[in-house]
Amino acid sequence: METAAIVTNDSAQATDTGSFQMMMNTQEGIYRMKDKGQKLTLALAKKVSVSKDGLTYHVTLRHANWSNGDPITAQNFVYGWRRTVTPATKSQDAFYFSPVKNADAIIAGKMSPTKLGIKSQDKYHFTITLAKPTAYFKKVLAFPLYYPQNQKVIEKYGKDYATTSAKQVYSGPFKLTKWNGSSDSWTLVKNNQYWDKKAVKLTKINETVVKDSSTAINLYNSGKLDEVTLTGALAQQQVNNKEAVNRLSANLVRLDLNQKTQPAFKDQKIRQALSLTINRQALVKNVLKDDSTAALGFVPVGLATNSITGKDFAKSTQIKSAVAFDLAKAKKLWQAGKSEIGITKLNITLLADDTDNSKSVSEYLQGALQKLPGLTVTVRNIPKAQRLQEQNSGNYDIVAATWQSTWSDPYNFLDIWLSNSSYNNSSYKSTKVDQLLDDSENKYGNDSQKRWVTLQAAERQLMTDQGTIPLYTANNLQLLKSKVKHVIFNPTGVPYDFKYASIR
Numbered sequence: 304m305e306t307a308a309i310v311t312n313d314s315a316q317a318t319d320t321g322s323f324q325m326m327m328n329t330q331e332g333i334y335r336m337k338d339k340g341q342k343l344t345l346a347l348a349k350k351v352s353v354s355k356d357g358l359t360y361h362v363t364l365r366h367a368n369w370s371n372g373d374p375i376t377a378q379n380f381v382y383g384w385r386r387t388v389t390p391a392t393k394s395q396d397a398f399y400f401s402p403v404k405n406a407d408a409i410i411a412g413k414m415s416p417t418k419l420g421i422k423s424q425d426k427y428h429f430t431i432t433l434a435k436p437t438a439y440f441k442k443v444l445a446f447p448l449y450y451p452q453n454q455k456v457i458e459k460y461g462k463d464y465a466t467t468s469a470k471q472v473y474s475g476p477f478k479l480t481k482w483n484g485s486s487d488s489w490t491l492v493k494n495n496q497y498w499d500k501k502a503v504k505l506t507k508i509n510e511t512v513v514k515d516s517s518t519a520i521n522l523y524n525s526g527k528l529d530e531v532t533l534t535g536a537l538a539q540q541q542v543n544n545k546e547a548v549n550r551l552s553a554n555l556v557r558l559d560l561n562q563k564t565q566p567a568f569k570d571q572k573i574r575q576a577l578s579l580t581i582n583r584q585a586l587v588k589n590v591l592k593d594d595s596t597a598a599l600g601f602v603p604v605g606l607a608t609n610s611i612t613g614k615d616f617a618k619s620t621q622i623k624s625a626v627a628f629d630l631a632k633a634k635k636l637w638q639a640g641k642s643e644i645g646i647t648k649l650n651i652t653l654l655a656d657d658t659d660n661s662k663s664v665s666e667y668l669q670g671a672l673q674k675l676p677g678l679t680v681t682v683r684n685i686p687k688a689q690r691l692q693e694q695n696s697g698n699y700d701i702v703a704a705t706w707q708s709t710w711s712d713p714y715n716f717l718d719i720w721l722s723n724s725s726y727n728n729s730s731y732k733s734t735k736v737d738q739l740l741d742d743s744e745n746k747y748g749n750d751s752q753k754r755w756v757t758l759q760a761a762e763r764q765l766m767t768d769q770g771t772i773p774l775y776t777a778n779n780l781q782l783l784k785s786k787v788k789h790v791i792f793n794p795t796g797v798p799y800d801f802k803y804a805s806i807r
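For the sequence shown, my numbering gives the first residue as 304, with consecutive numbering after it.
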């Protein structure tokens, strides 16, 4: 079961977890994640050496093929990385290449993509040069954005490239099939050209979009699905099922307030008032009922711990007022904010996904927010792909958005609030947050403790400003047939890796 359709089959265009998950199982890069996203194993690379100053990576590729039989070469990496950072490609995630030398200037259109810090020496060797030492760079190399791309195939299909499963070529354990660009079902088929095909046990994986928990459990009980994700009352009913599996991820759900469509959101008191109306404990216990956890801030609990003190980032950084429930205080701030900006009422639309889970959360939020005098909230639930499109274009008042880190580092959460981030579509800007995040990467990149403190300061500033309204960290309560073994789950980055999965 999937809760949403695949948005794109082009790694340079993907922004959502579902598309990246498909890509991690059908494509491959230098590394693969293991041990819940905390460790790496070599994948298309058979050797990687790093210079003492941390600036140069020498990569030796193993001999491997694309699904069409073409060899996977160093030039595929060079071409793919250059294509992604080229402004004309319009990759929203291109900023993830920032650690690579000259990437920022290329993305900004100030330098040729040929100047990117990646060069091939021959068919199976290439060198990566970084702009600065980056402690988490190896983890980044396991992310689909950094996978190779086949120039011949891209040029063959042109604007139709990756618009269907057939107009793509695959480097990973499986091939995507039966996807027409908007299908609600598709199949991953074992890639017999894959270099490590002996490790792949499954011949195919059938995936289908199911948005309703009642439908999902019926399909599961009838044997038509081997895995389902449940929410709400049905999740609560299945907590003690012997086949229940908790998948608590670093997927944080929040409300973003668009200051362009609703100028009232520029007022800090208005933003704080909205946050204070929400009882997050009641939301997770009475609405979600699936062991999701109330947010302590924007960076979720369990994402990162201090290497010396062992303290959890979220627990040691919390601004309690930013996630508190206090309706009386909310009403006072609301009235003060309305007086400051000269309004008596406000009509807004809440944009959210159309899944069973999201509809329940939206209804709860509508009721909570409308306890503020003069506030009317209309809910608009739409398919995830459409929601992402409208969110990215800034076509919303309030949106129930999600963020799941690519790697286990607080920066990978906080950097979406940089003033120039392609994900910062709510128009929240803070020069202080910008400076703190810049310092964390460029001033204290080699000093883990000063970097930690600086990232804490950025989180506290974001929460003091109420730049966003954190809600909860999502837990996916799954039912997984006991015959299904060895599904790898990563709480950070791309969640499900089926390479080693088997049925016994």
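Backbone N, C-alpha and C fix where the C-beta goes; we use that ideal spot for every residue, glycine too.
Note that the coordinates shown come from a computational prediction; the quantities given were computed from them, not determined experimentally.
Straight-line measurement puts the Cα of asparagine 749 at about 50 angstroms from the Cα of lysine 648. For secondary structure counted as the alpha helix (DSSP H) over 4 or more consecutive residues, the region 695-763 holds these complete runs in sequence order: 714-717, 734-741.
Spatial neighbours of methionine 766 in its own chain (CB-CB distance under 7 angstroms, excluding positions within 5 residues in sequence) are listed in chain order as Gly600, Phe601, Ile622, Ala625. Taking a C-beta distance under 9 angstroms as the contact criterion, alanine 703 and alanine 308 do not qualify as a contact pair. For the 9 angstroms CB-CB criterion, threonine 359 and threonine 432 form a contact. In the DSSP assignment, methionine 304 falls outside any beta strand (DSSP E) and carries neither an H nor an E. Counting C-beta atoms within 10 angstroms of its own C-beta, glutamate 510 has 16 or more neighbours from the protein chains shown and is therefore classed as buried. In terms of Cβ geometry, arginine 550 and asparagine 405 do not form a close pair [threshold 9 angstroms]. With contact defined as three or more Cβ pairs closer than 8 angstroms, the region 570-586 and the region 632-652 are in contact.
Sorting Asp659, Thr658, Asp657, Arg683 by C-alpha distance to the C-alpha of glutamine 669 places Arg683 at the top. Bridge pairing for serine 805: Lys788 [DSSP]. Rounded to whole angstroms, the Cβ separation of threonine 392 and threonine 658 is 30 angstroms, and the two are not in contact under 8 angstroms.
Non-local beta-carbon contacts of isoleucine 791 in its own chain, meaning distances under 6 angstroms to residues more than five positions away in sequence, involve Asp800 in chain order.
Under the three-state reduction of DSSP, alanine 445 is assigned to coil, being neither helix nor strand.
Excluding its 5 nearest sequence neighbours in each direction, asparagine 544 has C-beta neighbours in its own chain below 7 angstroms: Leu782, listed in chain order.
With a cutoff of 9 angstroms on beta-carbon distance, tyrosine 464 and valine 456 are scored as near each other. Comparing alpha carbon positions, the residue from Leu654, Leu717, Gln692 closest to valine 680 is Leu654. DSSP places threonine 506 in the coil class of the three-state scheme, outside both helix and strand. A check of alpha carbon separations from phenylalanine 440 across Gln378, Tyr399, Ser394 identifies Tyr399 as the nearest. Here serine 352 carries a strand assignment [DSSP, helix/strand/coil]. By the C-beta density criterion, glutamate 458 is exposed, having fewer than 16 other C-beta atoms within 10 angstroms.
Under the DSSP assignment, serine 516 falls in the alpha helix (DSSP H) whose first and last residues are 516-524. In the same chain as proline 566, and ignoring 5 residues on each side of it, the C-beta atoms closer than 8 angstroms to its own belong to Ile644, in chain order.
CA-to-CA, the gap between alanine 348 and lysine 481 works out to about 30 angstroms. Taking C-alpha positions only, lysine 355 is separated from valine 797 by approximately 30 angstroms.
Contact between serine 423 and glutamine 378 holds: CB atoms are separated by about 5 angstroms, below the 8 angstroms threshold.
Within its own chain, the residues whose Cβ lies closer than 6 angstroms to the Cβ of aspartate 529, once the five positions on either side in sequence are excluded, are Lys784, Val787, listed in chain order.
Around the CB of isoleucine 806, fewer than 16 other CB atoms lie within 10 Å, so the residue is classed as exposed.
By the neighbour-count definition (other C-beta atoms within 10 Å, threshold 16), threonine 757 is a buried residue.
In the structure shown, glutamate 546 adopts coil according to DSSP, grouped into three states. Counting only runs of at least 4 residues, the region 564-644 fully encloses the following alpha helix (DSSP H) elements, listed from N- to C-terminal order: 571-579, 616-620, 630-644. Sixteen is the threshold: when 16 or more other Cβ atoms of the shown chains lie within 10 Å of the Cβ of lysine 802, as they do, the residue is buried. Per the C-alpha coordinates, the member of Trp369, Ser708, Thr771 positioned closest to aspartate 499 is Trp369. In the three-state reduction of the DSSP assignment, leucine 691 falls in the helix class. For serine 619 against alanine 777, the beta-carbon gap comes to about 22 angstroms, at or over 8 angstroms, which does not count as contact. For lysine 418, the closest alpha carbon among the candidates Val403, Trp637, Lys426 is that of Val403.
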